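Read through the structure below, which is laid out as structure tokens, and then see the notes.
Residue numbers (UniProt numbering): 1 to 219.
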């Protein structure tokens, strides 16, 4: 269990680095930003944010990250809802759908990784529980969060499949499958903010774990 947790702690920041860079490229899609440029900009932005040393110091950052993701999800659902409305009105052909899709092994593997990524915040809970005033409330709060987010993810996935059907490319994020316009830039800006601040929290955990192993006196 501990090995799995530490592997996750060390790999998740890398995932957030790549996700932030790709989201930034899609925000400024009109400038054809290269992957290298986006990664450098992300690193420049994360360095000052990584200087926070305590989880309680980044509470306001977590709120901004949550608002960023909320903005992205609202735009995604709005764009998908418009597509469904056009299909129902007959101005756009409805996509073919199946109750059970026979997808490839690659698509199934990506689906499993998506689920793991959605719940990748669990390794940070062992730090958050130590700062709770009443630790007995931790199990209830985490269970409520998991239940809510599972229902929320299912809602987004259902609307996405309803709008895109079998044309949905399961190997790509949903944000990459929507037409590029100003709303797509706003959506990816919200996604970028969320991933950047999640990246910061994971870097904080990353650095603390390294110090605990290599230099406990500085923890």
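Cβ coordinates follow ideal geometry from the N, Cα and C atoms, glycine included. None of these values were measured; they are calculated from a predicted model.
> What is the DSSP secondary structure of residue 123, counted as helix, strand or coil?
Replying inline: Confidence at residue 123 is low in this model, with a pLDDT of 49, below 50, so its placement is unreliable and the value that follows should be read with caution. Looking at residue 123 - three-state DSSP - the assignment turns out to be helix.
Q: Identify the continuous alpha helix (DSSP H) that holds residue 36 and give its terminal residues.
A: 35 to 49 is the extent of the alpha helix (DSSP H) around residue 36.
Checklist entry - At a cut of 8 Å, does the region 20 to 35 reach the region 184 to 196 through at least three beta carbon pairs? => result The region 20 to 35 and the region 184 to 196 touch, with no fewer than 3 CB-CB distances between them shorter than 8 Å.
**Prompt:** Since residue 167 and residue 94 are thought to touch, with beta carbons under 8 Å apart, how far apart are those beta carbons, to the nearest angstrom?
**Reply:** That pair is no contact at about 11 Å.
Residue nearest to residue 178 in terms of C-alpha spacing, selected from 8, 51, 203, 73: Measuring from the Cα of residue 178, the nearest candidate turns out to be 73.
| Thinking C-alpha only, which one of 137, 44, 192 is nearest residue 66? | For residue 66, the nearest C-alpha among the options comes from 192.
Check: Just the Cα atoms here: how many angstroms apart are residue 136 and residue 161?
Finding: Cα to Cα, residue 136 sits roughly 39 Å from residue 161.
Quick one: is residue 216 buried, meaning 16 or more other Cβ sit within 10 Å of its Cβ, or exposed? Burial call: exposed.
Q. Among 186, 203, 156, which has the Cα closest to the Cα of residue 81?
A. The option with the nearest alpha carbon to residue 81 is 156.
Would you identify the three-state DSSP class for residue 216, choosing helix, strand or coil? DSSP places residue 216 in helix when its eight states are reduced to three.
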